[in-house]
Amino acid sequence: MFDKNVALLSEPASGDAEKHVQILMVEDDYQDVQLLKALLSQQEYCLDAMTHAQSISEALDCLRSSGDSIELVILDLSLPDAQGLDAYHKICSSCSEVPIIIHSGNIDESIAIEAVQRGAQDYLVKGKFDGHLLGRTIRYALERHQQYLELQSEKLKLQAITAALQHSNQQLEVTNQALEQLATIDELTQIYNRRRFDEVLWAEWRRLAREDSPLSLIMCDVDHFKAYNDTYGHPAGDACLQQVAAAIANIVQRPADLVARYGGEEFAFILPNTDLKGATHIAKDIQAAVQRLNLPHLASSTGDQVTLSLGVASMIPHQDVSPVQLVEAADRALYTAKRLGRNQTQVSLPDLESAITEVRQASHKAKEFCQTLKHARSSLARSLEPAKQQRVPQLRW
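The opening residue of the sequence shown carries number 1 in full-length UniProt numbering; numbering runs sequentially from there.
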């Protein structure tokens, strides 16, 4: 054990330049204070840069009045106004950015270790260290604390970078959503465009094929729209399409339903889990909604206002059948509505569509059969070619 007598202390350090480290010693024992000062002076620490406090309250006053000048605290855990970890926490809460070295007696060593576990840089047991150990402890405490501050600085930078990246990702997501909207929304009518129609049609076809549920499609045209443009002008024609789109979009409200501008003055509706009867009812509601707009159309041979012709088709999708057949069926029904005088709804009959599908499948199988015969004929011809080239021997009797 080291004596507190300064005469028995270790030899002074080599003649380095005097170290100006602002140290706050929180110690109520006069002899311990003098010993610390003597040991520090041996290690070339400037005693004028040191401050002494005999209690926690005095130490807190010193910390407040010194601003950020205190660089290190040497803290005794047995003080008049605070004991043990309570003393450490009171100092730590006031100067969390300043390294603390615990200066304790034997009885406080376990508490000192716990203080280190809670953030103190190190601890020294009274009477068990010399000037060299004290100087090294201070140096390491300052170095570790500096490393801690640098790590905290890097952590803050990393957090700032992370926050910036998150903000950039959010902005990118917003931009992508805007681009997605531009890619799938018709600019004029602000309903879905042909591209989105095709995507949803194929997706619903595959889904409903698995569920064995019906998928219906409505195709509709604004009657005599070219004549409308020629009579009222293209700006009026655009306004007409916008009003029609808004009116018919309000008819289909289910989340899975989709209304799209199919092209020009043509619109299309995808109605999942809807049979032919339900789709026909919706088509008549669409037709009535446009009639309620009362948009004048004096150039129409059908009537004196804007009207629609609609074609309805419904199928239960199958994986081996293309949804293009459903589109073609609705388009044929639309053509029938136009041929029969427009301003009406026509339905594609399932029996007729089944017959058309059967004819197409039979035609496809016939083509495959003809192709197979063609390949077989070619193979047979190639296999007989060598035999033709051989001379047939003459028989003698």
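No residue lacks a Cβ here, since even glycine has one placed at the ideal position from N, Cα and C.
Keep in mind that this is a model prediction, so the values were computed, not measured.
Close Cβ partners of residue i (< 6 Å) along its chain, the five nearest in sequence each way excluded
i, result
"residue 120", "100 and 102"
"residue 219", "268, 311, 330, 331 and 334"
"residue 402", "The requested residue 402 is not part of the displayed model; the chain covers only 1 to 397."
"residue 338", "309"
"residue 297", "228, 305 and 306"
"residue 4", "Residue placement at residue 4 is flagged as unreliable, the pLDDT there being 37, under the threshold of 50; a coordinate-derived value is accordingly withheld."
Element boundaries [alpha helix (DSSP H), containing residue i]
i, result
"residue 45", "Looking at the DSSP string, residue 45 is not in any alpha helix (DSSP H), and its letter there is neither H nor E."
"residue 141", "131-184"
"residue 281", "276-291"
"residue 316", "Looking at the DSSP string, residue 316 is not in any alpha helix (DSSP H), and its letter there is neither H nor E."
"residue 331", "324-339"
"residue 230", "225-232"
Residue i vs residue j beta-carbon contact at 8 Å
i, j, result
"residue 283", "residue 310", "yes"
"residue 250", "residue 289", "yes"
"residue 195", "residue 178", "no"
"residue 74", "residue 111", "no"
"residue 149", "residue 115", "no"
"residue 98", "residue 134", "no"
"residue 340", "residue 217", "no"
"residue 56", "residue 87", "yes"
"residue 94", "residue 77", "no"
"residue 270", "residue 204", "yes"
"residue 89", "residue 49", "no"
Three-state secondary structure assigned by DSSP to residue i
i, result
"residue 200", "helix"
"residue 76", "strand"
"residue 115", "helix"
"residue 14", "Model confidence at residue 14 stands at a pLDDT of 45, short of 50, so the residue's coordinates are unreliable; what they give is reported in the following sentence. In this structure, residue 14 counts as coil in the three-state DSSP scheme."
"residue 310", "strand"
"residue 295", "coil"
"residue 103", "strand"
"residue 52", "strand"
"residue 371", "helix"
"residue 83", "strand"
"residue 31", "helix"
"residue 253", "coil"
"residue 392", "Note that residue 392 has pLDDT 49, beneath the 50 cutoff, so the model's placement of it is unreliable and no number is given."
"residue 7", "For residue 7, the pLDDT reaches just 34, beneath the cut-off of 50, and the residue's location in the model is therefore unreliable, although a value from the coordinates is still provided. Here residue 7 sits in helix by DSSP."
"residue 397", "Residue placement at residue 397 cannot be trusted, given a pLDDT of 44 that sits under 50; what the coordinates show is reported in the next sentence. In the structure shown, residue 397 sits in coil (DSSP, three-state: anything other than H, G, I, E or B)."
Euclidean distance between Cα positions of residue i and residue j
i, j, result
"residue 278", "residue 164", "51 Å"
"residue 29", "residue 81", "14 Å"
"residue 198", "residue 346", "23 Å"
"residue 181", "residue 255", "17 Å"
"residue 96", "residue 70", "12 Å"
"residue 206", "residue 231", "44 Å"
"residue 276", "residue 158", "60 Å"
"residue 308", "residue 260", "15 Å"
"residue 319", "residue 209", "6 Å"
"residue 285", "residue 291", "10 Å"
"residue 233", "residue 202", "37 Å"
"residue 316", "residue 213", "6 Å"
"residue 348", "residue 168", "51 Å"
"residue 174", "residue 190", "18 Å"
"residue 31", "residue 65", "26 Å"
"residue 328", "residue 301", "27 Å"
"residue 7", "residue 35", "Note that residue 7 scores 34 on pLDDT, short of 50, meaning its location in the model is unreliable; the coordinates nonetheless yield the value given after this. Cα to Cα, the separation comes out at about 10 Å."
"residue 91", "residue 60", "7 Å"
"residue 246", "residue 192", "12 Å"
"residue 153", "residue 238", "59 Å"
"residue 146", "residue 187", "59 Å"
"residue 127", "residue 27", "14 Å"
"residue 263", "residue 248", "15 Å"
"residue 171", "residue 273", "37 Å"
"residue 314", "residue 287", "18 Å"
"residue 322", "residue 160", "52 Å"
"residue 46", "residue 155", "34 Å"
Unbroken beta strand (DSSP E) run spanning residue i, endpoints
i, result
"residue 266", "266-272"
"residue 24", "23-26"
"residue 261", "258-263"
"residue 347", "345-347"
"residue 218", "215-222"
"residue 192", "Careful: residue 192 lies outside any beta strand (DSSP E) and carries neither H nor E."
"residue 125", "122-125"
Contacting residues, own chain, Cβ-Cβ under 7 Å from residue i (five flanking each side not counted)
i, result
"residue 9", "Unreliable placement is indicated for residue 9, whose pLDDT of 35 sits below 50; the coordinate value is still reported in the next sentence. Correct list, in chain order: 38, 39, 42, 130 and 131."
"residue 243", "293 and 295"
"residue 265", "221, 222, 225 and 241"
Cutoff 8 Å; reference residue i; Cβ partners in own chain excluding five residues on either side
i, result
"residue 62", "24, 51, 53 and 70"
"residue 140", "121 and 122"
CB contact check: residue i to chain B, cutoff 8 Å
i, result
"residue 259", "No chain B is part of this structure, which consists of one protein chain only."
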